[in-house]
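Asker: I am attaching a structure below and will ask some questions about it afterwards.
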Amino acid sequence: MTDRLASVASVVSMEWLTGPIFNKELRVASRRRRNYALRFGYLAMLTIVVVIVWISTMKHINPGDPRIIYRMSQAGMTITATVAWFQFLAIQLIAVVATSTSISEEVYRGTINSLMTTPITSLQIVMGKMLSKLWQMLILIAISMPMLAIVQVFGGVPWEYVISSSCITLTAGLLAASGTMFYSVLFRRAWVTILLT
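Per my numbering, the very first residue in the sequence shown carries number 387; after that it's consecutive.
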């Protein structure tokens, strides 16, 4: 019974797919200042975009105007659509830049040879690195959810739209990260990888 439970736990934990590389990459990423700067910059730019859209949508309305409810609903729809497009573009750009040196970094530092002597498979190396970068993108999408929840108070946009746009954004980020990871295996220079992707 215990062996069966252990085998189910290993399948559910995805350890067979990512190996120890995923945990190592997450530990390293949690200590990098650039990830915190990236999150701050992403949230700051998102806030600036939302404020600009809010001001442009609500600039012709007086506080006592009866059309304010309609305009707030319209502002909610516009802000949600703008945030969805901002996320869609920003996450793909971040995915390309973040994964551009994933494999070539191991080659450059000379650690790829020691990785190949361990029982870690090449699938685990690639998937561990890819999913750790995807995890960072998921954090960026999750950061914007409270802002979208506040905008939902204005009405006009169902949660299904917000969730589906986030899933589409994550899928596009996965596609961009996969292409960049492919070129990262072939080329050692990050700028070549970014330009080809």
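Don't be surprised by glycine CBs; every beta carbon is placed ideally from N, CA and C. Predicted, not measured: the structure shown is a model, and the values here were computed from it.
Keeping to the same chain, check which residues put their C-beta closer than 8 Å to that of residue 474; ignore five residues upstream and five downstream.
Answerer: These residues qualify, in order along the chain: 551, 554, 555, 558.
Asker: Take residue 566 as the anchor and find which of 484, 472, 517 has the nearest alpha-carbon.
Answerer: The option with the nearest alpha carbon to residue 566 is 484.
Asker: I need the DSSP call for residue 388, collapsed to helix, strand or coil.
Answerer: Helix.
Asker: Determine the contact status of residue 461 and residue 523, defining contact as a CB-CB distance below 7 Å.
Answerer: Not closer than 7 Å, so no.
Asker: Can you tell me whether residue 450 is helix, strand or coil according to DSSP?
Answerer: DSSP places residue 450 in coil when its eight states are reduced to three.
Asker: On the three-pair Cβ rule with 8 Å, is the stretch 525-537 touching the stretch 562-580?
Answerer: Result no; under three Cβ-Cβ pairs closer than 8 Å.
Asker: In three-state terms, what does DSSP make of residue 568?
Answerer: Note: residue 568 maps to helix in three-state DSSP.
Asker: Applying the 10 Å Cβ sphere with the 16-neighbour rule, what's the burial state of residue 426?
Answerer: Result: exposed.
Asker: Let me know the secondary structure DSSP gives residue 474 once reduced to three states.
Answerer: Three-state DSSP puts residue 474 in a helix.
Asker: Just tell me which of 508, 531, 503 has its CA closest to the CA of residue 469.
Answerer: The shortest Cα separation from residue 469 among 508, 531, 503 belongs to 531.
Asker: Would you mind working out which of 435, 466, 422, 432 sits nearest residue 545, comparing C-alpha positions?
Answerer: With distances taken between Cα atoms, residue 545 lies closest to 466.
Asker: Is it right to say residue 562 is buried, meaning 16 or more other beta carbons lie within 10 angstroms of its own, or is it exposed?
Answerer: Residue 562 is buried by the Cβ-count criterion.
Asker: Tell me which same chain residues have a C-beta within less than 8 Å of the C-beta of residue 439, skipping the five on either side of it?
Answerer: Same-chain partners within the cutoff: 461, 464, 465, 468.
Asker: Measure the C-alpha to C-alpha separation of residue 436 and residue 577 and round it to an integer number of angstroms.
Answerer: If I take the Cα positions, the gap works out to 31 Å.
Asker: Which word fits residue 430, buried or exposed, when buried means at least 16 other C-beta atoms lie within 10 angstroms of its C-beta?
Answerer: The residue is exposed, with fewer than 16 neighbouring Cβ atoms inside 10 Å.
Asker: Mapping DSSP to helix, strand and coil, what is residue 506?
Answerer: Note: residue 506 maps to coil in three-state DSSP.
Asker: I'd like to know whether the C-beta atoms of residue 560 and residue 548 end up nearer to each other than 7 Å.
Answerer: No, the pair does not count as a contact, with Cβ atoms beyond the cut-off.
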